[in-house]
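Mind the numbering: the sequence shown is residues 551 to 725 in my numbering, read in order. Down below is the structure, laid out as structure tokens.
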Amino acid sequence: MALIRQRAVKTLPNLIQSLCYESPKPAIDGRGQALPSLRRAFSLYDQINLIDNVPLDQLRFQGFTDSGFTVNGIEYEGSLLCVGNLLLSWSPKHLSHITPQSLSIFQIVRPIPAEILILGCGRQIQQINPEVRHFIRSTGMKLEAIDSRNAASTYNILNEEGRIVAAALLPYGVY
Numbered sequence: 551m552a553l554i555r556q557r558a559v560k561t562l563p564n565l566i567q568s569l570c571y572e573s574p575k576p577a578i579d580g581r582g583q584a585l586p587s588l589r590r591a592f593s594l595y596d597q598i599n600l601i602d603n604v605p606l607d608q609l610r611f612q613g614f615t616d617s618g619f620t621v622n623g624i625e626y627e628g629s630l631l632c633v634g635n636l637l638l639s640w641s642p643k644h645l646s647h648i649t650p651q652s653l654s655i656f657q658i659v660r661p662i663p664a665e666i667l668i669l670g671c672g673r674q675i676q677q678i679n680p681e682v683r684h685f686i687r688s689t690g691m692k693l694e695a696i697d698s699r700n701a702a703s704t705y706n707i708l709n710e711e712g713r714i715v716a717a718a719l720l721p722y723g724v725y
């Protein structure tokens, strides 16, 4: 019995992988109709489970603390600025410290590095300085201001979709 179990455990990953990535011929029942495919269930899982399908060179937020973020398995303290797949430490410690000067990289980099800037405001969504809003609009980007936890998730989703996205994130512990 132990030998059968060992063999099954060894074979199962290969079986699942072949069901996920091969195009099997549909099985036909006695009435000439195609039988339901197990592949459908596995491909649905693959579509939902985006974590395993992220290219190695793509930034992915994996966690956060009150003082920083985990990106691609590395913990970073403080605020972060993401432009494409470039990750930078960012100086603002509070929403009131975010100014056009602190976002000046978006004025320098050409072509426009993103279609949207996701601004993580910390623990809560807060009113953005009109001067900052105007500055972001003047660069040709749209601004989405949300709490940092949701900002990191939104960045991941848009980045995985292949959208050109940037993020400026304050740590989640900022009020």
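All C-beta atoms, glycine included, are put in the ideal place defined by N, C-alpha and C.
Just grab the DSSP bridge partners of Gly783 for me.
With the chain covering only 551 through 725, there is no way to say anything about residue 783.
Close-in-space but distant-in-sequence residues of the same chain around Gly690 (CB under 7 Å, 5 per side omitted)
Counting from 1 along the sequence shown, the entry for residue 690 is found at position 140. Closer than 7 Å at Cβ, skipping near neighbours: Ile662.
Under three-state DSSP, which class holds Ile678?
Along the sequence shown, one-based indexing puts residue 678 at 128. In this structure, Ile678 counts as coil in the three-state DSSP scheme.
Thinking C-beta only, is Ser629 closer than 8 Å to Leu693?
One-based indexing of the sequence shown puts residue 693 at position 143. One-based indexing of the sequence shown puts residue 629 at position 79. Not a contact, by the Cβ cut-off of 8 Å.
If you measure between the beta carbons of Ala664 and Val621, is that distance less than 8 Å?
Here residue 664 corresponds to residue number 114 of the sequence shown, with the count starting at 1. Here residue 621 corresponds to residue number 71 of the sequence shown, with the count starting at 1. Going by C-beta atoms, Ala664 is not nearer than 8 Å to Val621.
What are the start and end residues of the alpha helix (DSSP H) that includes Ala701?
One-based indexing of the sequence shown puts residue 701 at position 151. Element bounds for Ala701: Ser698 to Glu710.
If the criterion is Cβ atoms closer than 8 Å, does the pair Gly723 and Ser617 meet it?
As a first step, residue 723 is located in the sequence shown; it is residue number 173 there, counting from the start. As a first step, residue 617 is located in the sequence shown; it is residue number 67 there, counting from the start. Cβ atoms of Gly723 and Ser617: closer than 8 Å.
Mark Pro680 as exposed unless 16 or more other C-beta atoms lie within 10 angstroms of its C-beta, in which case mark it buried.
Mapped onto the sequence shown, residue 680 falls at position 130. So Pro680 counts as exposed.
Who pairs with Phe611 in a beta bridge, going by DSSP?
Residue numbering aside, residue 611 sits at position 61 when the sequence shown is read from its first letter. Phe611 is bridged to Val621.
Roughly how many angstroms separate the alpha carbons of Ser573 and Leu708, rounded to a whole number?
Stepping through the sequence shown from its first residue, residue 573 is reached at position 23. Stepping through the sequence shown from its first residue, residue 708 is reached at position 158. At Ser573, the pLDDT of 46 sits below 50, so the modelled position is not reliable and the matter cannot be decided from this model.
Starting from Ile666, trace the alpha helix (DSSP H) in both directions and tell me its first and last residue.
Reading the sequence shown from its first residue, position 116 is the one you call residue 666. Ile666 -> not in any alpha helix (DSSP H); beta strand (DSSP E) instead, spanning Ile666 to Gly670.
Helix or strand or just coil, what does DSSP make of Leu637?
What you label residue 637 is simply residue 87 of the sequence shown in a count that begins at 1. Note: Leu637 maps to strand in three-state DSSP.
Just the Cα atoms here: how many angstroms apart are His684 and Ser641?
Residue mapping note: residue 684 aligns to position 134 of the sequence shown, counting from 1. Residue mapping note: residue 641 aligns to position 91 of the sequence shown, counting from 1. The alpha-carbon separation between His684 and Ser641 amounts to approximately 21 Å.
For Leu669 versus Ile678, is the C-beta spacing smaller than 8 Å?
By 1-based counting over the sequence shown, the position of residue 669 is 119. By 1-based counting over the sequence shown, the position of residue 678 is 128. Closer than 8 Å, so yes.
On the CB-based measure, 16 or more other CB atoms within 10 Å of its CB, does Arg610 come out buried or exposed?
Residue mapping note: residue 610 aligns to position 60 of the sequence shown, counting from 1. Per the 10 Å Cβ criterion, buried.
Rounded C-alpha distance that separates Gln612 from Tyr626:
Position 62 of the sequence shown, counting from 1, holds the residue named residue 612. Position 76 of the sequence shown, counting from 1, holds the residue named residue 626. Looking at the two C-alpha atoms, the distance is approximately 11 Å.
For my contact list, Val729 and Pro650 are in at a C-beta cut-off of 8 Å; report their separation, rounded to the angstrom.
Past the edges of the chain, shown from 551 to 725, lies residue 729, and the structure says nothing about it.
Does the Cβ of Gly712 have 16 or more other Cβ atoms within 10 Å, making it buried, or fewer, making it exposed?
Within the sequence shown, the letter at position 162 stands for residue 712. Exposed: under 16 other Cβ atoms inside 10 Å.
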